[in-house]
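Visitor: Protein chains in written order, with the numbering used here: chain B, 43 to 187; chain U, 409 to 518.
Idealized CB from N, CA, C, for every residue including glycine.
Predicted model only: the values in this text are computed from it and were never measured.
Below is one structure. I have some questions about it.
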C-alpha cells in the first residue's frame, strides 16, 4: 500500500503493483478486508468483489500491460457505506467496452475456454466503466444495496 | 491454492483448497493432464474447501473437460458452495458439467 486514508464517511486505498499476476491476490485481499470493515454483505466479500477485482487486475496485467515488468498497474479504491468504486489503471491502449458484446453463455461459446472475464465483471458489479485518465482505466462500481 | 490428488477406484479425485485463479490455474491443469496421460478417464474435482474461482479458473475446467471427453471419460464436480453455484449458473457452466452436492454422490455418478 502506498497511500491510505480514513475519513469520517469514506475510506480510500491506493496501490501500485508490477505487471505480475502473483500480486493480484494481495490486492484483492486488501480491498476485501477494507469492505469487510465497512460490513459489506457476505456475498459481496466472498464472490462479487474478489472475482470482479481479479478479472479487472488480470486484464490490466495480461492484456493492458502484456506482463511488461517495466509497466505497472494502479489501483484506487474508494469506499463509503453505500458504494465501493475501484479504478484499475494500466499502461495499455485500452479497449472498447461497448464492442465486447460476445455472450459466453451462448450455445456456440459455452465450450470456449476464454471470454468470461468482462461478462463476470458486468454480472457481479453494479456498473463497469472504461475511460482514459493518464492511463487505461476500468472502473468497478458496487452498490451495497 | 493448494490441491491434492487421491484415487478412489478408477476415479482421480482433485481436492482444491483456496482460490482457483489466473495465478495458479496452470498448476491444476498440469496436474490433471498428468493424470490423463497416465490413463485416467474419470476425474472428480471437489470444491469443498475451495474459495472463489475466476474466469481463467473456469476456463481451465472447461479445457480439461473437453480433453477428458475426447478420451471417452468425464470430469465432474462436487461440493460447490452457494457462491460457486452462483458463478456456474451465471456462466451457464452448470449445464456443461455434472455437479453433485456431495463427494459420494459424484463418485456414485461415474
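#1: Select from the region 417 to 428 of chain U all residues with a C-beta closer than 8 Å to any C-beta belonging to chain B, and list them in chain order.
#2: Could you please give me the residues that DSSP links to residue 426/U through a beta bridge?
#3: Across the region 92 to 101 of chain B and the region 62 to 79 of chain B, are there enough close Cβ pairs to call them in contact, namely three or more that are closer than 8 Å?
#4: Among 107/B, 91/B and 124/B, which residue has its Cα nearest to the Cα of residue 187/B?
#5: My output table needs one value for residue 118/B: the three-state DSSP class, helix, strand or coil.
#6: Thinking C-alpha only, which one of 171/B, 131/B, 134/B and 119/B is nearest residue 141/B?
#7: In angstroms, rounded to a whole number, what distance separates the CA positions of residue 434/U and residue 469/U?
#8: For the structure I just gave you, are there three or more beta carbon pairs, one from the region 483 to 501 of chain U and one from the region 447 to 465 of chain U, closer than 8 Å?
#9: Is the region 48 to 62 of chain B close to the region 114 to 122 of chain B, with three or more CB pairs under 8 Å?
#10: Taking Cβ to Cβ, would you say residue 465/U is nearer than 8 Å to residue 428/U?
#11: Answer with yes or no whether the minimum CB distance from residue 466/U to chain B is below 8 Å.
#12: Taking the C-alpha atoms as reference points, what is the distance between residue 51/B and residue 122/B?
#13: Go through its chain and collect everything with a Cβ distance to residue 176/B's Cβ below 7 Å, but skip five positions before and after it.
#14: I'd like the span of the alpha helix (DSSP H) that includes residue 471/U, first residue to last.
#15: Assign residue 153/B to buried or exposed, taking buried as 16 or more other Cβ atoms, counted over all protein chains shown, within 10 Å of its Cβ.
#16: Quick check: residue 147/B and residue 494/U, are their CB atoms within less than 8 Å of each other?
#17: Nearest CA to the CA of residue 161/B: which residue from 497/U, 478/U, 505/U and 513/U?
#18: With 16 as the cutoff for other CB atoms within 10 Å, does residue 92/B come out buried or exposed?
#19: I need the DSSP call for residue 109/B, collapsed to helix, strand or coil.
#20: Check residue 483/U in the structure and name its three-state DSSP category.
#21: For the alpha helix (DSSP H) that contains residue 67/B, what are its first and last residues?
#22: Out of curiosity, what's the CA-to-CA distance linking residue 441/U and residue 90/B?
#23: Tell me which residue opens and which closes the alpha helix (DSSP H) that residue 490/U is part of.
#24: Whole angstroms are fine: how far does the CA of residue 104/B sit from the CA of residue 461/U?
#25: Leaving out five residues before and five after residue 517/U in sequence, what residues of the same chain have Cβ atoms less than 8 Å from its Cβ?
#26: Specify, as a first and last residue, the run of the alpha helix (DSSP H) that residue 161/B falls within.
Guide: In short, the structure shows the following:
#1: Taking 8 Å as the Cβ-Cβ cut-off against chain B, the residues of the region 417 to 428 of chain U that qualify are 427.
#2: 458/U
#3: Proximity of the region 92 to 101 of chain B to the region 62 to 79 of chain B meets the contact definition, three or more beta-carbon pairs being nearer than 8 Å.
#4: 124/B
#5: strand
#6: 171/B
#7: 11 Å
#8: At 8 Å Cβ cutoff, the stretches touch.
#9: yes
#10: yes
#11: yes
#12: 6 Å
#13: Excluding positions up to five away in sequence, the list is empty.
#14: 463 to 478
#15: exposed
#16: no
#17: 497/U
#18: buried
#19: coil
#20: strand
#21: 66 to 79
#22: Approximately 30 Å between the Cα atoms of the pair.
#23: 490 to 498
#24: 18 Å
#25: If we look at residue 517/U and ignore the five residues flanking it on each side, its Cβ neighbours are 484, 506 and 508.
#26: 159 to 166
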